[in-house]
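A short worksheet on the structure shown next.
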Amino acid sequence: MSRSQTNAKLIFILLLFFIASIVYIEETNNKEKYSSNPTNINVHPGDSIQRAINNAKSGDTVIVYSGSYKENLVVDKSIDIISNPGESNDTVIQAANTRKDVFHVTASDVTISGFNITGAKNKAGIYYSGSDGNITRNKLVYNEYGILLKKSNNILIENNTLFQNQYGIHLENSNNNWLNRNNISNADIMVDIDGISLEDSDNNKLINNIVSNTWRGIYLSDSSDNELNKNLASANYFSVTLENSDNNKLLNNTINLHGYTFSINLGNSQNNILKGNTAGLSTEIKVVYSFDSKNNTLEGEQYIVNEQGRVLAVESK
(Lines of atoms letter the chains of each structure in order from A and count residues from 1; the text may use other names and numbers.)
(Lines give C-alpha, C1' and ligand atoms only; values in the text may rest on other atoms or scores of the structure.)
Protein backbone atom coordinates (compact mmCIF):
# COMPACT_ATOMS: atom_id res chain seq x y z
CA MET A 1 0.00 0.00 0.00
CA SER A 2 1.42 3.38 -0.98
CA ARG A 3 2.04 6.19 1.50
CA SER A 4 -0.79 8.23 -0.07
CA GLN A 5 -3.25 5.34 0.35
CA THR A 6 -2.15 4.88 3.98
CA ASN A 7 -2.65 8.56 4.70
CA ALA A 8 -6.08 8.55 3.05
CA LYS A 9 -7.14 5.56 5.14
CA LEU A 10 -5.88 7.23 8.32
CA ILE A 11 -7.75 10.44 7.51
CA PHE A 12 -10.94 8.44 6.86
CA ILE A 13 -10.62 6.65 10.22
CA LEU A 14 -10.03 9.97 12.02
CA LEU A 15 -13.06 11.46 10.26
CA LEU A 16 -15.26 8.56 11.39
CA PHE A 17 -13.99 8.96 14.95
CA PHE A 18 -14.73 12.70 14.83
CA ILE A 19 -18.28 12.13 13.56
CA ALA A 20 -18.88 9.45 16.20
CA SER A 21 -17.66 11.84 18.90
CA ILE A 22 -20.05 14.58 17.73
CA VAL A 23 -22.97 12.12 17.72
CA TYR A 24 -22.07 10.92 21.22
CA ILE A 25 -21.81 14.46 22.58
CA GLU A 26 -25.14 15.42 21.00
CA GLU A 27 -26.88 12.36 22.43
CA THR A 28 -25.40 13.06 25.87
CA ASN A 29 -26.57 16.66 25.75
CA ASN A 30 -30.05 15.53 24.72
CA LYS A 31 -30.18 13.08 27.59
CA GLU A 32 -29.06 15.74 30.05
CA LYS A 33 -31.60 18.15 28.63
CA TYR A 34 -34.34 15.55 28.86
CA SER A 35 -33.40 14.59 32.42
CA SER A 36 -33.60 18.25 33.50
CA ASN A 37 -37.24 18.45 32.43
CA PRO A 38 -39.69 18.38 35.36
CA THR A 39 -41.35 15.03 35.91
CA ASN A 40 -44.16 13.70 38.08
CA ILE A 41 -43.48 11.06 40.72
CA ASN A 42 -46.59 9.24 41.92
CA VAL A 43 -46.93 7.93 45.47
CA HIS A 44 -49.61 5.38 46.37
CA PRO A 45 -50.61 3.97 49.78
CA GLY A 46 -47.84 1.66 50.96
CA ASP A 47 -45.18 3.74 49.17
CA SER A 48 -42.84 6.13 50.94
CA ILE A 49 -43.32 9.84 50.32
CA GLN A 50 -39.81 10.48 51.64
CA ARG A 51 -38.34 8.06 49.11
CA ALA A 52 -40.14 9.94 46.34
CA ILE A 53 -38.76 13.24 47.67
CA ASN A 54 -35.25 11.78 47.78
CA ASN A 55 -35.55 10.56 44.18
CA ALA A 56 -36.96 13.84 42.90
CA LYS A 57 -34.88 16.60 41.42
CA SER A 58 -35.54 20.32 41.59
CA GLY A 59 -38.64 21.23 39.61
CA ASP A 60 -40.29 17.83 39.92
CA THR A 61 -43.77 17.23 41.34
CA VAL A 62 -44.52 14.51 43.88
CA ILE A 63 -48.19 13.50 43.59
CA VAL A 64 -49.56 11.65 46.61
CA TYR A 65 -52.70 9.54 46.17
CA SER A 66 -55.49 9.19 48.70
CA GLY A 67 -54.59 7.19 51.79
CA SER A 68 -52.86 7.35 55.17
CA TYR A 69 -49.12 7.86 55.45
CA LYS A 70 -47.13 7.87 58.71
CA GLU A 71 -43.93 9.79 58.08
CA ASN A 72 -41.83 12.79 59.05
CA LEU A 73 -40.73 14.39 55.81
CA VAL A 74 -37.58 16.38 55.09
CA VAL A 75 -37.69 18.58 51.99
CA ASP A 76 -34.34 20.04 50.95
CA LYS A 77 -34.93 20.75 47.26
CA SER A 78 -37.26 22.94 45.20
CA ILE A 79 -40.18 20.62 44.41
CA ASP A 80 -43.97 20.54 44.53
CA ILE A 81 -45.64 18.03 46.85
CA ILE A 82 -49.37 17.83 46.22
CA SER A 83 -52.24 15.44 46.80
CA ASN A 84 -53.81 13.86 43.78
CA PRO A 85 -56.36 16.46 42.64
CA GLY A 86 -59.70 16.09 44.37
CA GLU A 87 -58.41 13.85 47.15
CA SER A 88 -57.04 16.36 49.65
CA ASN A 89 -59.44 15.47 52.50
CA ASP A 90 -58.47 11.81 52.24
CA THR A 91 -54.71 12.21 51.94
CA VAL A 92 -53.55 12.05 55.54
CA ILE A 93 -49.94 12.45 56.66
CA GLN A 94 -49.45 11.70 60.35
CA ALA A 95 -46.21 12.27 62.23
CA ALA A 96 -44.35 9.00 62.79
CA ASN A 97 -42.42 10.80 65.53
CA THR A 98 -44.49 13.38 67.42
CA ARG A 99 -41.31 15.27 68.35
CA LYS A 100 -40.47 16.01 64.73
CA ASP A 101 -42.17 18.18 62.12
CA VAL A 102 -44.46 16.41 59.67
CA PHE A 103 -42.98 18.57 56.87
CA HIS A 104 -39.54 20.06 57.58
CA VAL A 105 -38.72 22.32 54.63
CA THR A 106 -35.28 23.93 54.28
CA ALA A 107 -35.37 24.77 50.56
CA SER A 108 -36.93 27.60 48.58
CA ASP A 109 -39.63 27.30 45.90
CA VAL A 110 -41.45 24.44 47.61
CA THR A 111 -45.20 23.89 47.28
CA ILE A 112 -47.18 21.83 49.81
CA SER A 113 -50.83 21.52 48.86
CA GLY A 114 -53.88 19.44 49.61
CA PHE A 115 -52.98 17.37 52.69
CA ASN A 116 -54.48 16.50 56.04
CA ILE A 117 -51.46 16.97 58.33
CA THR A 118 -51.56 15.87 61.95
CA GLY A 119 -49.79 14.49 65.00
CA ALA A 120 -46.74 16.73 65.51
CA LYS A 121 -47.69 17.34 69.13
CA ASN A 122 -44.31 18.84 69.98
CA LYS A 123 -43.43 20.32 66.60
CA ALA A 124 -45.00 21.78 63.45
CA GLY A 125 -47.32 20.34 60.87
CA ILE A 126 -45.38 22.41 58.33
CA TYR A 127 -42.04 24.00 59.23
CA TYR A 128 -40.72 26.21 56.45
CA SER A 129 -37.34 27.92 56.34
CA GLY A 130 -36.86 29.22 52.81
CA SER A 131 -38.34 31.66 50.33
CA ASP A 132 -40.87 31.87 47.50
CA GLY A 133 -43.01 28.89 48.47
CA ASN A 134 -46.71 28.00 48.55
CA ILE A 135 -48.68 26.39 51.39
CA THR A 136 -52.25 25.96 50.19
CA ARG A 137 -55.43 23.94 50.73
CA ASN A 138 -54.12 21.94 53.69
CA LYS A 139 -55.91 20.86 56.85
CA LEU A 140 -53.68 20.94 59.92
CA VAL A 141 -54.93 19.48 63.20
CA TYR A 142 -53.41 18.50 66.57
CA ASN A 143 -49.93 19.92 66.05
CA GLU A 144 -48.01 22.27 68.33
CA TYR A 145 -47.63 24.67 65.39
CA GLY A 146 -49.95 24.29 62.44
CA ILE A 147 -47.66 26.30 60.13
CA LEU A 148 -44.34 27.72 61.34
CA LEU A 149 -42.23 30.04 59.21
CA LYS A 150 -38.69 30.87 60.34
CA LYS A 151 -36.58 33.31 58.33
CA SER A 152 -38.92 32.81 55.40
CA ASN A 153 -39.83 35.43 52.82
CA ASN A 154 -42.37 35.63 50.01
CA ILE A 155 -44.44 32.63 51.10
CA LEU A 156 -48.11 32.33 50.11
CA ILE A 157 -50.22 30.71 52.85
CA GLU A 158 -53.72 30.41 51.45
CA ASN A 159 -56.98 28.49 51.96
CA ASN A 160 -55.70 26.35 54.82
CA THR A 161 -57.89 25.08 57.66
CA LEU A 162 -56.23 24.82 61.08
CA PHE A 163 -57.94 23.27 64.10
CA GLN A 164 -56.77 22.47 67.64
CA ASN A 165 -53.14 23.52 67.15
CA GLN A 166 -51.44 25.37 70.01
CA TYR A 167 -50.26 27.97 67.51
CA GLY A 168 -52.19 28.18 64.27
CA ILE A 169 -49.87 30.14 61.96
CA HIS A 170 -46.69 31.56 63.47
CA LEU A 171 -44.12 33.74 61.67
CA GLU A 172 -40.70 34.34 63.18
CA ASN A 173 -38.17 36.65 61.51
CA SER A 174 -40.20 36.29 58.32
CA ASN A 175 -41.03 39.14 55.96
CA ASN A 176 -43.11 39.89 52.87
CA ASN A 177 -45.42 36.90 53.25
CA TRP A 178 -49.09 36.70 52.26
CA LEU A 179 -51.65 35.02 54.53
CA ASN A 180 -54.97 34.84 52.72
CA ARG A 181 -58.31 33.09 53.42
CA ASN A 182 -57.10 30.78 56.16
CA ASN A 183 -59.49 29.52 58.85
CA ILE A 184 -57.99 29.01 62.32
CA SER A 185 -60.15 27.74 65.18
CA ASN A 186 -60.29 25.65 68.35
CA ALA A 187 -63.02 23.85 70.23
CA ASP A 188 -62.58 26.07 73.32
CA ILE A 189 -60.60 29.11 74.42
CA MET A 190 -57.52 28.02 76.38
CA VAL A 191 -54.63 30.07 77.74
CA ASP A 192 -51.68 30.56 75.35
CA ILE A 193 -53.46 29.13 72.34
CA ASP A 194 -52.81 31.59 69.49
CA GLY A 195 -54.43 31.97 66.07
CA ILE A 196 -52.06 34.03 63.91
CA SER A 197 -48.91 35.36 65.55
CA LEU A 198 -46.01 37.37 64.17
CA GLU A 199 -42.69 37.76 65.97
CA ASP A 200 -39.98 40.04 64.56
CA SER A 201 -41.75 39.86 61.20
CA ASP A 202 -42.36 42.86 58.93
CA ASN A 203 -44.20 43.77 55.73
CA ASN A 204 -46.60 40.84 55.82
CA LYS A 205 -50.21 40.93 54.58
CA LEU A 206 -52.98 39.19 56.53
CA ILE A 207 -56.08 39.31 54.35
CA ASN A 208 -59.53 37.67 54.69
CA ASN A 209 -58.53 35.24 57.43
CA ILE A 210 -60.95 33.87 60.06
CA VAL A 211 -59.66 33.35 63.60
CA SER A 212 -61.95 32.03 66.33
CA ASN A 213 -61.84 30.52 69.83
CA THR A 214 -58.21 31.33 70.60
CA TRP A 215 -56.48 33.10 73.49
CA ARG A 216 -54.87 35.68 71.22
CA GLY A 217 -56.60 35.83 67.86
CA ILE A 218 -54.07 37.94 65.94
CA TYR A 219 -50.91 38.82 67.85
CA LEU A 220 -48.01 40.98 66.67
CA SER A 221 -44.82 41.23 68.70
CA ASP A 222 -41.90 43.41 67.56
CA SER A 223 -43.44 43.38 64.09
CA SER A 224 -43.90 46.47 61.95
CA ASP A 225 -45.27 47.63 58.61
CA ASN A 226 -47.79 44.79 58.37
CA GLU A 227 -51.30 45.07 56.94
CA LEU A 228 -54.32 43.38 58.56
CA ASN A 229 -57.26 43.78 56.22
CA LYS A 230 -60.77 42.23 56.11
CA ASN A 231 -60.04 39.59 58.74
CA LEU A 232 -62.72 38.19 61.05
CA ALA A 233 -61.72 37.73 64.69
CA SER A 234 -64.55 35.97 66.49
CA ALA A 235 -64.87 34.84 70.13
CA ASN A 236 -61.19 35.16 70.97
CA TYR A 237 -60.10 36.31 74.44
CA PHE A 238 -57.78 38.96 72.97
CA SER A 239 -58.98 39.71 69.44
CA VAL A 240 -56.06 41.76 68.08
CA THR A 241 -52.96 42.62 70.12
CA LEU A 242 -49.91 44.66 69.18
CA GLU A 243 -46.82 44.76 71.42
CA ASN A 244 -43.75 46.79 70.48
CA SER A 245 -45.11 46.93 66.94
CA ASP A 246 -45.16 50.12 64.87
CA ASN A 247 -46.51 51.42 61.57
CA ASN A 248 -49.05 48.65 61.06
CA LYS A 249 -52.41 49.08 59.29
CA LEU A 250 -55.56 47.54 60.77
CA LEU A 251 -58.20 48.08 58.11
CA ASN A 252 -61.77 46.83 57.61
CA ASN A 253 -61.54 43.99 60.11
CA THR A 254 -64.60 42.57 61.89
CA ILE A 255 -64.41 41.73 65.59
CA ASN A 256 -67.02 39.61 67.34
CA LEU A 257 -66.61 39.47 71.10
CA HIS A 258 -67.54 36.66 73.44
CA GLY A 259 -68.12 37.21 77.15
CA TYR A 260 -65.34 39.08 78.95
CA THR A 261 -63.07 39.48 76.00
CA PHE A 262 -61.03 42.30 74.52
CA SER A 263 -61.06 44.03 71.15
CA ILE A 264 -57.84 45.78 70.12
CA ASN A 265 -54.92 46.22 72.50
CA LEU A 266 -51.87 48.39 71.80
CA GLY A 267 -48.85 48.03 74.07
CA ASN A 268 -45.79 50.22 73.46
CA SER A 269 -46.83 50.48 69.81
CA GLN A 270 -46.51 53.66 67.77
CA ASN A 271 -47.85 55.14 64.54
CA ASN A 272 -50.40 52.44 63.76
CA ILE A 273 -53.51 53.18 61.68
CA LEU A 274 -56.90 51.72 62.64
CA LYS A 275 -59.65 52.41 60.14
CA GLY A 276 -62.89 50.82 58.96
CA ASN A 277 -62.96 48.14 61.65
CA THR A 278 -66.43 47.07 62.76
CA ALA A 279 -68.07 45.02 65.49
CA GLY A 280 -70.58 42.27 65.27
CA LEU A 281 -74.19 42.66 66.38
CA SER A 282 -74.70 43.91 69.94
CA THR A 283 -70.98 44.26 70.57
CA GLU A 284 -68.52 47.10 70.51
CA ILE A 285 -64.90 47.65 69.58
CA LYS A 286 -62.72 48.96 72.36
CA VAL A 287 -59.25 50.17 71.52
CA VAL A 288 -57.09 49.91 74.64
CA TYR A 289 -53.82 51.82 74.75
CA SER A 290 -50.98 51.42 77.22
CA PHE A 291 -49.39 54.67 78.40
CA ASP A 292 -46.38 54.15 76.12
CA SER A 293 -48.38 53.77 72.91
CA LYS A 294 -48.33 57.07 71.06
CA ASN A 295 -49.28 58.67 67.77
CA ASN A 296 -51.70 55.96 66.69
CA THR A 297 -54.51 57.02 64.38
CA LEU A 298 -58.08 55.84 64.86
CA GLU A 299 -60.55 56.66 62.09
CA GLY A 300 -58.49 59.64 60.99
CA GLU A 301 -57.95 61.12 64.48
CA GLN A 302 -54.60 60.79 66.23
CA TYR A 303 -54.54 59.91 69.93
CA ILE A 304 -51.80 60.41 72.50
CA VAL A 305 -52.58 58.61 75.76
CA ASN A 306 -52.00 59.75 79.29
CA GLU A 307 -49.58 58.12 81.68
CA GLN A 308 -52.07 55.63 83.05
CA GLY A 309 -53.19 54.27 79.71
CA ARG A 310 -56.89 53.82 79.08
CA VAL A 311 -59.66 53.00 76.67
CA LEU A 312 -59.62 55.88 74.23
CA ALA A 313 -62.33 54.90 71.85
CA VAL A 314 -65.46 52.79 71.87
CA GLU A 315 -67.16 52.26 68.56
CA SER A 316 -70.63 50.72 68.70
CA LYS A 317 -72.15 49.20 65.59
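Everything in the sequence shown is counted per the UniProt record's numbering, starting at 1 for the first residue and increasing by one. Backbone N, C-alpha and C define an ideal beta-carbon position, used for all residues, glycine too. Bear in mind the structure is a predicted one, so any value in this text is a computation, not a measurement.
- Judged by their CB atoms, Y145 and H170 are nearer to each other than the 8 Å cut-off.
- Judged by DSSP in its simplified three-state form, N72 adopts coil rather than helix or strand.
- Across the structure, D132 and L156 are spaced so that their CA atoms are roughly 8 Å apart.
- Bridge partners of L242 according to DSSP: L220, L266.
- In the three-state reduction of the DSSP assignment, I126 falls in the strand class, which pools E and B.
- Using a Cβ distance threshold of 8 Å, N248 and L220 count as a contacting pair.
- According to DSSP, L251 shares a beta bridge with N229, K275.
- Cβ-Cβ distances below 6 Å link Q50 to E71, L73 in the same chain, with the five nearest sequence neighbours on each side left out; the list follows chain order.
- A residue is called buried once 16 or more other Cβ atoms fall within 10 Å of its Cβ, and F103 is buried on that count.
- The beta carbon of V110 is closer than 7 Å to those of V75, S78, I79, G130, G133 in its chain, skipping five residues each way along the sequence.
- I49: member of the alpha helix (DSSP H) spanning 49-55, first to last residue.
- Within a 10 Å sphere around the beta-carbon of T241 sit 16 or more other beta-carbons, which makes this residue buried.
- For L149, the enclosing beta strand (DSSP E) begins and ends at 145-150.
- Counting the other CB atoms within 10 Å of its CB gives R216 a total of 16 or more, which places it among the buried residues.
- Cβ-Cβ distances below 6 Å link V191 to W215 in the same chain, with the five nearest sequence neighbours on each side left out; the list follows chain order.
- Looking at the DSSP output, I196 bridges to I169, I218.
- N295 sits exposed, since fewer than 16 C-beta atoms from the chains shown fall within 10 Å of its C-beta.
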